[in-house]
Each structure stands twice: as C-alpha cells, then as structure tokens.
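In this note's numbering, the protein residues as written are -16 to 342.
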C-alpha cells in the first residue's frame, strides 16, 4: 500500500513538475512567435502546433489526476471527495450525492489515500454494476468512534454469498478494500440483496481526531512593511512580481510581459518564502503566484501576504484546473486564478483590470 501510494504520487509529481511545465513553456514560446509572425501561413502553423500541445497537456493532466489527485493533498479529504463526486458524474455519468461533516480529515496521509481510493473504487463498481446512475456517499465521525464512510445505491444488488466466488474479477474490489482496511485496523461491512441495492460501510482505523479539514495557519508578521510613495501617473507601468519554482515558466511569462508596453516585471522568486520577501522589498502592484511549490504552497503564501497588505493584488497560477484549488486560492485572498496553459491574453487582461481597480 505504501509503495503503491508513493509511486503513484511520485509519477504524478514528475508529470506536473517536469513534463507539464515543459509543455506550457513551449506553449508560451509559441505565443511569442505568433505575435511576431509575418505571414498567414506562419500563424496557421503555430496555431496547429499549439493545438497539439493543448492535447498533450490535457492528456498529461488527466493521467496526473488518475494517478494521484492533487486536490486531495492540496486541499484536504473533503475537497478531494467533492472533486471525486464531480469527476464521477463528468467521466462516468454517475450522480453522487455527497455529504460530510467538518471533522473528517484523517490524521495520516496513508489513511486519507486508502479511504479515497476505496470510495473511488466503490463508486466505479456502482456505476458499472448497479444498473442505476445515482449513489450516495456520507462521511461522518461520531464522538468516540472512528471515521465512518457509507457508500450506497438503490440498484440491483446481489447475493452476498456469491461474492466469494467473484473475488478475482477486480484488482481492487471489495475484498481487497477489506484486506487493506484490516491491515490498518479498519473494517468493512456489506449490506445487500437482489433488488435491494448495496450499502458498504467503511470504518477507518482508530486515529487522532482533528477539528476539521486541514487549514493552513496565518503567520503574523512582526511588523508590516511601509509602503513607499509612488506617483500614479498614467504612464507608470504595472509592476509585476513572478513567483514560481520553475525557472522556465518565469522566463516564459517574463518574455510575454516584456512585449506589453504597460507591464514591467520587477522581480522573480523561485519559492514562496523568497516571494514573500520580494513583495516586502519591491512592493509590486500585482503578484503572479504559482500554487504548487515546495516547502510552502502559493495558497499559504497568498494568505500571509494579504494579511500583511490587504490591498495587494495576487493572481493564482497553476497547472491544476480543479475548482476546489481555485476556490482555496481565492479564499486565501487571491483576486483571480488561471491555469498555466490558458490564454495568456486573459492573464494580461486580468493584470490590467486589477491595476485599474486599485486606482
């Protein structure tokens, strides 16, 4: 279990941190080449190449999500389940009615991953075998009891005694879920009969009870930076700071912004801590902030900066297109959120719009 989880996440991180960043950087270079193209044929060739890149990015992103959904680790168990419910409806046509309490965050990453994969497999089996297009997932933790997950449908059901004969029909079926839970001290119960649907109850291993989904703490600065007085003339360029742990992305964005007469990149930072320090020193108008960075992510960095400088404009930027991550970034104080492979013109337009709002 640990090896599988570690390998899945390692492959997902490799796709995100390397392959996808290279594809997006190439896309940015194509955007610059398109601006300088002198013939219709050149523009058409660049657009065809970009279409191929878009498909490659989409395929890589889809594989990343299947291997290890980023939202599960970035935003917590509840957000991961919300993503899964949407994913099952969009990809498999299964409507999932999800409800969960606030105190459901498992205390270990292993248990979180185990429960998530179990729920995903149960929903997949429901969509494939139940004969119905709806399922219900409830997650709760009664006082003094372990975390409990109930997955049920109103489908055709089956004879429970026959389940033993079909043990080998799936690589991660009910028996495998049961065995993995038992390995960690959890339990699985099945209630079903022909025509009566299926109810599967998962009892998580005993663990330390938390107060809710993981929340990042706000670091209070010792002293707030003093804002330098600057002229607000119409000709002053918009001062932009880039914060991203991939140099190739910073270079791509910087090159694109240089072509805009009213935007100036005043600095770059390769991690969140340096980004916070650069904001304090350089006092930019707009910060373009990557979400997924080592040590401290962009969500926490944004929360710290907005706490210090409420008027600061932050734009979240990421390979992740999940709405839960975009929402987490906005809740931290970001004014906008874009995916890295989205149209650069929209990002530039957002920078100008945010600057106008400050005046």
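Glycine residues also receive a C-beta, built at the ideal position from the N, C-alpha and C atoms.
Please read all numbers here as calculations on a predicted model, not as lab measurements.
- prompt: Would residue 109 pass as a contact of residue 118 if the rule is Cβ separation under 9 Å?
  reply: In this structure, residue 109 lies near residue 118, with their beta-carbon atoms less than 9 Å apart.
field: Coarse secondary structure for residue 17, derived from DSSP in three states
entry: Of the three classes helix, strand and coil, the one that applies to residue 17 here is helix, per DSSP.
task: Give me the Cβ distance between residue 350 and residue 44, rounded to the nearest whole Å; I'm assuming they're in contact under 8 Å.
output: Since the first residue shown for the chain is -16 and the last is 342, residue 350 is missing from the structure and cannot be characterised.
- prompt: Smallest Cα separation from residue 161: which of 103, 185, 136 and 138?
  reply: Comparing Cα positions, the closest option is 185.
field: With 16 other Cβ atoms within 10 Å as the buried cut-off, status of residue 275
entry: For residue 275, the number of other beta carbons within 10 angstroms of its own is at least 16, and it is reported as buried.
query: How is residue -6 classed by DSSP in three states: helix, strand or coil?
result: Here residue -6 sits in helix by DSSP.
message: On the CB-based measure, 16 or more other CB atoms within 10 Å of its CB, does residue 323 come out buried or exposed?
response: By the neighbour-count criterion, in which 16 or more other beta carbons inside 10 Å mark a residue as buried, residue 323 falls on the buried side.
task: For residue 172, write down the residues that DSSP places opposite it in a beta bridge.
output: For residue 172, which the question treats as bridged, DSSP gives the partners 184.
message: Buried or exposed for residue 113, going by 16 or more other Cβ atoms inside 10 Å?
response: Buried, since its Cβ has 16 or more Cβ neighbours within 10 Å.
- prompt: residue 180: buried (16+ other C-beta within 10 angstroms of its C-beta) or exposed?
  reply: By the 10 Å Cβ count, residue 180 comes out buried.
query: Counting only runs that start and end within the region 253 to 289, where is the beta strand (DSSP E) found for 3 or more residues in a row?
result: You should have 269 to 273.
message: Check whether the region 300 to 317 and the region 58 to 77 are in contact - that is, three or more C-beta pairs closer than 8 Å.
response: With a cut-off of 8 Å on Cβ pairs, the region 300 to 317 is in contact with the region 58 to 77, counting three or more such pairs.
message: In whole angstroms, give me the CA-to-CA distance for residue 13 and residue 53.
response: Computed Cα separation, rounded: 28 Å.
- prompt: Roughly how many whole angstroms lie between the Cα atoms of residue 272 and residue 259?
  reply: C-alpha of residue 272 to C-alpha of residue 259: approximately 10 Å in a straight line.
message: If I follow the unbroken alpha helix (DSSP H) through residue 124, where does it start and stop?
response: Element bounds for residue 124: n/a, residue is neither H nor E.
- request: Decide if residue 178 is buried, meaning its Cβ has at least 16 other Cβ atoms within 10 Å, or exposed.
  value: By the neighbour-count rule (16 or more Cβ atoms within 10 Å), residue 178 is not buried but exposed.
task: Let me know the secondary structure DSSP gives residue 324 once reduced to three states.
output: Residue 324: coil per DSSP, three-state reduction.
message: Mapping the DSSP letters down to three states, classify residue 249 as helix, strand or coil.
response: Here residue 249 sits in strand by DSSP.
- prompt: From this set, 164, 158 and 142, which residue's C-alpha is nearest residue 131's C-alpha?
  reply: Here the closest residue by C-alpha is 164.
message: Would residue 223 and residue 242 qualify as a contact pair, given that the criterion is a beta-carbon distance under 9 Å?
response: No, they are not a contact pair.
query: Do the CB positions of residue 47 and residue 3 come within less than 9 Å of each other?
result: Yes.
task: Quick one: measure Cβ to Cβ for residue 40 and residue 7, integer angstroms, because I've assumed they're closer than 8 Å.
output: The pair is a contact, with the Cβ atoms about 7 Å apart (cut-off 8 Å).
field: Beta-carbon separation (whole angstroms), residue 89 vs residue 98, contact threshold 8 Å
entry: So it is a contact: roughly 7 Å between Cβ atoms.
task: Provide the residue(s) that pair with residue 296 in DSSP beta bridges, ordered along the chain.
output: Residue 296 pairs with 269.
- prompt: Given residue 1, which residues of its chain have a CB within under 8 Å of its CB, disregarding the five upstream and five downstream residues?
  reply: Closer than 8 Å at the Cβ level, and outside the excluded window around residue 1, lies no residue.
- prompt: Measuring from the CB of residue 225, is there a heavy atom of the ligand FMN at a distance below 8 Å?
  reply: Judged by which ligands are present, the structure shown has none, so any question about the ligand FMN falls away.
- prompt: Helix, strand or coil: which one does DSSP assign to residue 23?
  reply: Correct three-state label for residue 23: helix.
query: Can you name the start and end residues of the alpha helix (DSSP H) that residue 54 belongs to?
result: Bounds of the alpha helix (DSSP H) holding residue 54 are 53 to 57.
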